[in-house]
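At position 76 of the sequence shown the residue is numbered 99 (this note's numbering), and the sequence of numbers has no breaks.
Note sheet for the following structure.
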Amino acid sequence: MSDIKVAVVHDWLTGMRGGEVVLEAILRLVPNADLFTLMYNPGTVSDLIANRKIHTSFIDRLPFKSKRYRHYLPLFPLAIEQFDFHGYDLIISS
């Protein structure tokens, strides 16, 4: 898969739970993939995830996003639509 451009999209990176374990498995399979997420709290995920170039949405810059990110749920569809995936051959959503 090294000859195709891959984007991996994950809802939010705020801790290590089941979804993040699945994300780690995906990132091992596609090590050159770009990682997109609505928000990222540094220090809350594994090094495998944290050492990636992480593209975040505008929600990542809103106040109180670390503790009250679920209050922003109505904005999630708009935020995800702001990512530009043109030029990617494969998009994986976890």
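Each residue gets a CB set at the ideal place from its N, CA and C atoms; glycine is no exception.
Every value quoted in this text rests on a predicted model; they were computed, and no experiment measured them.
Would you check whether the ligand NAD has a heavy atom nearer than 8 Å to the C-beta of residue i?
{"i": "A73", "result": "With respect to the ligand NAD, the structure offers nothing, as it holds no ligand at all."}
Counting only the same chain and skipping the five closest in sequence on each side, list residues whose C-beta sits under 6 Å from that of residue i.
{"i": "A114", "result": "A small correction: the amino acid at residue 114 is Ile; Ala does not occupy that position in the sequence shown. Around I114: A30 and F108."}
{"i": "Y95", "result": "I82"}
{"i": "L36", "result": "T60, Y63 and V68"}
{"i": "S116", "result": "V32"}
{"i": "G38", "result": "T67"}
Residues in the same chain with beta-carbon distance under 8 Å from residue i, minus the five sequence neighbours each way, listed in chain order, please.
{"i": "L71", "result": "E47, L50 and R51"}
Helix or strand or just coil, what does DSSP make of residue i?
{"i": "S116", "result": "strand"}
{"i": "L85", "result": "coil"}
{"i": "V31", "result": "strand"}
{"i": "D70", "result": "helix"}
{"i": "Y92", "result": "helix"}
{"i": "F99", "result": "helix"}
{"i": "G110", "result": "coil"}
Just to check my reading of the structure: residue i and residue j have Cβ atoms closer than 8 Å, yes? What is that Cβ distance to the nearest angstrom?
{"i": "T79", "j": "L61", "result": "7 Å"}
{"i": "R75", "j": "L58", "result": "5 Å"}
Give the DSSP bridge partners of residue i, in chain order.
{"i": "Y63", "result": "L36"}
{"i": "L58", "result": "V31 and I77"}
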